[in-house]
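Structure first, then comments.
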Amino acid sequence: MPGWYLQLVAIIAVDTGLVLWPPRRPRGLAAAAFFVSHLVNELSGVALGTLLGATVLALIADPLASAGGAAILALMTFTALGLLKIVRRGLLAGPVVETALDDALGRGWRSIAGGSARSRRRRLARSLVAPLPVLPLNVQRVKNVTYGPGGRRNRLDVYRRRGPAVAGAPVLIHFHGGHFEIGRKSRECRPLLHRLALQGWVCVSATYRLGAAGRFPNSLIDAKRVICWARSHAAEYGADPSVVIVAGSSAGAHLAAMAALTPNDPAFQPGFEHADTAVSAAICLYGYYGERDSVGPLPSSPGVCADCNVPPFLVAHGDNDVLIPKAQADQFVHRLRTCGKSPVVYVPLPGAG
Numbered sequence: 367m368p369g370w371y372l373q374l375v376a377i378i379a380v381d382t383g384l385v386l387w388p389p390r391r392p393r394g395l396a397a398a399a400f401f402v403s404h405l406v407n408e409l410s411g412v413a414l415g416t417l418l419g420a421t422v423l424a425l426i427a428d429p430l431a432s433a434g435g436a437a438i439l440a441l442m443t444f445t446a447l448g449l450l451k452i453v454r455r456g457l458l459a460g461p462v463v464e465t466a467l468d469d470a471l472g473r474g475w476r477s478i479a480g481g482s483a484r485s486r487r488r489r490l491a492r493s494l495v496a497p498l499p500v501l502p503l504n505v506q507r508v509k510n511v512t513y514g515p516g517g518r519r520n521r522l523d524v525y526r527r528r529g530p531a532v533a534g535a536p537v538l539i540h541f542h543g544g545h546f547e548i549g550r551k552s553r554e555c556r557p558l559l560h561r562l563a564l565q566g567w568v569c570v571s572a573t574y575r576l577g578a579a580g581r582f583p584n585s586l587i588d589a590k591r592v593i594c595w596a597r598s599h600a601a602e603y604g605a606d607p608s609v610v611i612v613a614g615s616s617a618g619a620h621l622a623a624m625a626a627l628t629p630n631d632p633a634f635q636p637g638f639e640h641a642d643t644a645v646s647a648a649i650c651l652y653g654y655y656g657e658r659d660s661v662g663p664l665p666s667s668p669g670v671c672a673d674c675n676v677p678p679f680l681v682a683h684g685d686n687d688v689l690i691p692k693a694q695a696d697q698f699v700h701r702l703r704t705c706g707k708s709p710v711v712y713v714p715l716p717g718a719g
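Throughout the sequence shown, residue numbering follows the numbering used here, covering 367 to 719 in sequence.
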């Protein structure tokens with residue numbers, strides 16, 4: 367068998383094994399395994415198609431004629447079966463999300479959300495065949511809009527449907543992840559931003575200060591500046607300033623949660639204390655909900671900030687997450703439900719990392 371094929375099979379096999387059986391200790395090994403294998407986990411259909419296509423080409427170039435070749439083919443077969451398991455696991459996420467929404471909101475949410483079973487199957491097929499988030503022709507991206515004094519780390523992108531602005535669109539603000547050390551506004555959740563923009567939403571993806579410059583509460587102050595900017599400029603994009611939803615992934619989920627749970631708190635709004643930073647709801651994806659290194663005594667954990675004014679929340683977390691244990695999300699959701707009266711949708715995704 368060709369050498370390139372052996373290397374390809376070995377790489378995909380190792381990544382597939384790390385997805386299905388991720389190491390949890392020591393923490394450094396768990397983090398390394400996650401970063402090595404997360405693309406195969408998220409693009410398992412692409413990995414499977416690549417593996418099968420490469421196998422066909424390898425067999426054409428060098429038909430199976432040795433025990434070594436048979437061993438490679440056996441490894442490929444087991445790897446393909448593992449990838450099929452990952453694909454199937456991803457397909458199960460949809461029903462899990464719908465059940466969580468039913469439990470928290472009742473079945474009436476379906477009539478509000480709309481979308482036929484046929485359209486959902488079409489989106490699923492498109493995500494399997496063409497999973498990379500290419501900007502749709504009908505969506506305009508306005509890049510690198512300045513929202514604060516923090517230089518390039520205080521910029522945002524706006525996604526909106528092309529054409530004349532129609533007043534009344536809801537606003538979604540997304541904060542990227544990256545352990546408060548790395549990350550870009552153009553890297554995460556693009557399929558969500560694109561899809562909502564196509565449906566008429568105005569979506570914002572923002573950077574914020576990282577590392578030492580972003581020590582708590584500085585990054586939260588940035589997040590609140592984004593909310594303030596969205597309200598002030600909503601009319602320019604046809605958005606409704608009274609309907610602002612914050613969302614975030616990993617570290618960004620921490621920011622989204624903190625922003626949602628500290629509305630109009632002057633301690634986190636220096637220089638714009640009177641601005642309205644309350645939000646309509648929050649979406650937290652595989653978030654971190656613990657404390658952060660702080661430059662002062664202010665509370666830095668979302669759970670501590672939860673009170674009777676909790677807005678609606680949607681929290682999603684993988685039960686196979688080796689970086690942020692699902693137990694942390696469990697505790698955060700319990701705190702939200704105990705303190706507030708708004709609906710809290712909790713989606714524990716089976717097998718997700």
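Quick reminder that beta carbons are idealized off the backbone N, C-alpha and C, glycines included.
Three-way DSSP call (helix, strand, coil) for residue i in this model
i    : result
Y574 : coil
C650 : strand
A533 : coil
A718 : coil
N510 : strand
R455 : helix
D659 : coil
A420 : helix
G684 : strand
D523 : strand
F546 : coil
I690 : coil
V406 : helix
V713 : strand
L538 : strand
V380 : helix
V676 : coil
V500 : coil
For residue j and residue i, believed in contact at Cβ under 8 Å, the rounded distance
i    : j    : result
G514 : R591 : 4 Å
G741 : A617 : Nothing can be reported for residue 741: it is not among the residues displayed for the chain, which extend from 367 to 719.
S410 : V453 : 5 Å
L596 : V610 : Per the sequence presented here, residue 596 reads as Ala, with Leu not at that position. Right, their Cβ atoms sit about 6 Å apart.
H560 : P636 : Not confirmed; about 34 Å, so no contact.
Y371 : A424 : 4 Å
Residue i versus residue j - alpha carbon distance
i    : j    : result
R528 : A572 : 20 Å
L376 : N584 : The question names Leu, but residue 376 in the sequence shown is Ala. Looking at the two C-alpha atoms, the distance is approximately 44 Å.
A420 : V688 : 31 Å
V505 : K551 : 17 Å
V532 : Q373 : 53 Å
P502 : G435 : 43 Å
T643 : V710 : 20 Å
P368 : A440 : 15 Å
I548 : A427 : 43 Å
L702 : G456 : 27 Å
S666 : A672 : 11 Å
H640 : G394 : 43 Å
Y712 : P429 : 51 Å
W475 : D468 : 8 Å
Beta carbon of residue i nearer than 8 Å to that of residue j
i    : j    : result
C569 : L576 : no
A601 : V612 : no
G684 : A718 : yes
F634 : C594 : no
G706 : N675 : yes
A605 : G653 : no
V385 : N407 : yes
F541 : G614 : yes
V681 : V670 : no
W567 : P607 : no
R553 : Y525 : no
L405 : T445 : no
A459 : L715 : yes
F400 : P388 : yes
L651 : L621 : no
T382 : G448 : yes
P668 : L627 : yes
D588 : N520 : yes
A396 : R390 : yes
Below-8 Å beta-carbon distance, residue i vs any chain D residue
i    : result
G529 : Included in the structure is just one protein chain, with no chain D present.
Check: Of all the beta strand (DSSP E) runs that stay within the bounds of the stretch 563-650, which reach a length of 3 or more residues?
Finding: 568-572 and 605-615
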